[in-house]
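Numbering (full-length UniProt numbering), first residue to last: 1 to 926. By construction, the Cβ of each residue, glycine as well, lies at the ideal position given by its N, Cα and C atoms. Treat the numbers as computed from the prediction; the structure is a model and nothing was measured.
Following this line, the structure appears as structure tokens:
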């Protein structure tokens, strides 16, 4: 048995307010009444005869009463209650227990009025027809429904006449385009289509959604321009179109959105200047349009946005100066303008924005001093002014920023000292002032900043010692003071209290030992103390530092054997111990450093053979063991390191042939094998190194012909050095294909034939040397050959052309035999004179050398290899002499004048103290 009262209870006191036209009123009212009739008809057919129904209505009067704008449906009750269904303001007519045929007819007519999907549902179906719905989120959008109110993502009002007020299809992986039918949803208040893959343009018909307050189209692929029609949405309070592909400028009419409080448009391709009409947006609180192509200057009308709190325009192309009017924005909390082209000074008027919490002006072209008025911003938490051209001193008033957490003035041109007033910022956790021109000492007062976690004062001109108090800062995790002139001992308690993460003190004048507690809290991932004057051994605490990723201790005076315990550090990816005094063999345990990518051990005294276990370092990219005393053959296993990009074995005592497996190093860019005792043929597999830019194989005993395959290394650019070997045969014409090559050194071999005419194509060549071979024929017409010093071609049998003279001139000895005797006499006199001159010069040099050898000589510490500023000479010294040309460059600091002993017609005489202690004088021919 069905209780009719259960179905009629919710119909009592149902108020219907309507402001629509009379036709719509009629349709909606009859739809409601029809539901009542259907219910009663159902009960009637179920023989619920015990309850008689009484319906009082005036159907014909519906049309007229709808004009009044208010119709009240009191309810439907059983006749026994004597409370009939009544429409206020109407005459009442009673229908008591209508005959069934008439009742069915009435019900059918009324039901016909409500059948079919309404117009809003039709609009939504058209929207769906243009959308790709991979995961069938919209599967319940049924065209047979009378309204779309039960559809997924659709919300309707809850009154008698439900309309769509919210459409939320966010994060449904929808694709396709947006239908213009969207404009038919005139009652829409919220539209959220964010985080999909919708594309094409935003339809201008969206401007018809006059009730729209919230519009979220962010994180899609919408293109084209912002439709001007959006400006008609006078009720719009929030607009988010971020992370799309929208182009073109902001429309000038955007200032008509008088209700707008949130405008987010970052990560698009918006161009053009910002419209001055933005100043009309009195209610705007957040404006974010970073990562676009917005140009022009920030309009001074921005001061009209009196409610503005967040202004974010980073990563655009804004230029000009920051307008002083920005100081009128009393509610501003965040000003984000980094990575633009803004110039001029920082306006002192910014100090009027007293609620400012974040000021990010970095990566611009700002000039002038830091305004001292910024010290008035007591609410400021983050001050980022780095990467500009600011100059002058750091104002002491910065110490008044009592709420500051992070201050970054790095990469400017600031001078003067680090102000001690910074000690007043008790909550300061980050202080970056690196890459400036600061002088003086590091203030001891900084050690009172108990909340300091990151301190970077690197790349300045700071002197004095590192304050001992830094070792007591418990929150300190990063300390970077590199590239200064700091001296003295490193605080030995560093790391005892703080959980140090990064410590870089390199390129200073620090002395003493490496602190042994640096990794006490097992947090250290980077330790760089290279280029100092540190002595002693690598502390055990560092060798057992499990989280360590990079250990750089190059260019010190550290001693001992290779620290084998480092090989147990599973995270170690970079190890630089070069230019120290380490001795002994490189242990096979090195193969356990499976994460190692960079291994730099050059300039030490390592001996023995290179362990084959190095081949287990599958991640190795950089390997340099040059300038040691390593012996034996180059193990083939090393060529299993397929990730290698740079391999330098120069200046050792390696012997034997170069393994053909070298061709397996497909990533190799630099290969240096010079000044060893390698022999045999140059493997043709070298020609497979398609990424090679520098090939140095000089000063060995390679024999045979130059492989033509070397001409296939099209990337070879820096140098091809095969000098001082025993190579024979012709120079391959294929080397003419190396169009990027800058230096070609083939001197001091036994090469024969002509220099290939294909060398005409070597347009990038800056220097070459073919001397001391058996070459013949004319020089190619390459302009460089005509300008190169004759010394680069001497010692060959029959080269001619260019600086060697005209090849068409016949020798006079063969044309005039009668003059042979006279010619010989003249030549003899010339030779005698030259010999006398050379003998005299030699005697003078011997006297000078003896004189200087008698004087006490200070040993010169080995210097870091640095490239000469220009190509000084084409000379290449044979390793058989015990030193190389590069040794002379280093010993004389690139032939500095302070090393000159004298000058003569044949060149300049220099004195050099080599690393091994040998003192020599040599003549550098001009």
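DSSP state of residue i mapped onto helix, strand, coil
| i | result |
| --- | --- |
| residue 447 | helix |
| residue 197 | strand |
| residue 253 | helix |
| residue 567 | helix |
| residue 127 | helix |
| residue 466 | coil |
| residue 163 | coil |
| residue 584 | strand |
| residue 489 | strand |
| residue 930 | Given a span of 1 to 926 for the chain in the structure shown, any question on residue 930 remains unanswerable. |
| residue 729 | strand |
| residue 228 | helix |
| residue 672 | strand |
| residue 137 | coil |
| residue 803 | helix |
| residue 441 | strand |
| residue 793 | coil |
| residue 881 | Because the pLDDT of residue 881 is 49, which lies under 50, any placement of that residue in the model is unreliable, and the number read from its coordinates should be weighed accordingly. Helix at residue 881. |
| residue 46 | The pLDDT assigned to residue 46 is 37, lower than 50, so where the model puts this residue is not dependable, and the model offers no usable value. |
| residue 184 | helix |
| residue 629 | strand |
| residue 752 | strand |
Beta carbon of residue i nearer than 8 angstroms to that of residue j
| i | j | result |
| --- | --- | --- |
| residue 121 | residue 162 | no |
| residue 198 | residue 166 | no |
| residue 606 | residue 590 | no |
| residue 283 | residue 307 | yes |
| residue 524 | residue 547 | yes |
| residue 647 | residue 686 | no |
| residue 219 | residue 195 | yes |
| residue 479 | residue 441 | no |
| residue 170 | residue 193 | yes |
| residue 178 | residue 143 | no |
| residue 528 | residue 544 | no |
| residue 773 | residue 749 | yes |
| residue 313 | residue 336 | yes |
Where residue i falls, given that 16 or more other Cβ within 10 Å makes a residue buried
| i | result |
| --- | --- |
| residue 642 | exposed |
| residue 509 | exposed |
| residue 766 | exposed |
| residue 47 | A caution first: residue 47 carries a pLDDT of 38, below 50, which makes its placement in the model unreliable, though a value can still be read off. The residue is exposed, with fewer than 16 neighbouring Cβ atoms inside 10 Å. |
| residue 413 | exposed |
| residue 961 | Any answer about residue 961 is impossible in this case: the structure gives the chain only from 1 up to 926. |
| residue 570 | exposed |
| residue 555 | buried |
| residue 662 | buried |
| residue 330 | exposed |
| residue 456 | buried |
| residue 315 | buried |
| residue 474 | exposed |
| residue 565 | exposed |
| residue 515 | buried |
| residue 742 | buried |
| residue 891 | buried |
| residue 384 | buried |
Cross-strand partners of residue i (DSSP beta bridge)
| i | result |
| --- | --- |
| residue 899 | Partner(s): none; residue 899 has no beta bridge. |
| residue 216 | 192 and 240 |
| residue 562 | DSSP lists no partner for residue 562. |
| residue 677 | 655 |
| residue 454 | 430 and 478 |
| residue 222 | 200 |
| residue 768 | 744 |
Check: residue i C-beta below 7 angstroms from any heavy atom of the ligand SAH
| i | result |
| --- | --- |
| residue 785 | Among the components of this structure there are no ligands whatsoever, and the ligand SAH is therefore not found. |
Next item on the list: Could you pull out every unbroken beta strand (DSSP E) segment of at least 3 residues lying fully inside the region 329–417, listed in chain order?
Entry: 334–336, 358–360, 365–368, 382–384, 389–393, 406–408 and 413–415
Check: What runs of the beta strand (DSSP E), each 3 residues or longer, lie entirely inside the region 497–549?
Finding: 502–504, 509–512, 526–528 and 533–536
Item checked: Within the region 598–625, ranges of the beta strand (DSSP E) (whole runs, at least 3 residues) -> 598–600, 605–609 and 622–624
Next item on the list: Entirely within the region 261–295 and at least 3 residues each: give me those beta strand (DSSP E) ranges in chain order.
Entry: 262–264, 269–272 and 286–288
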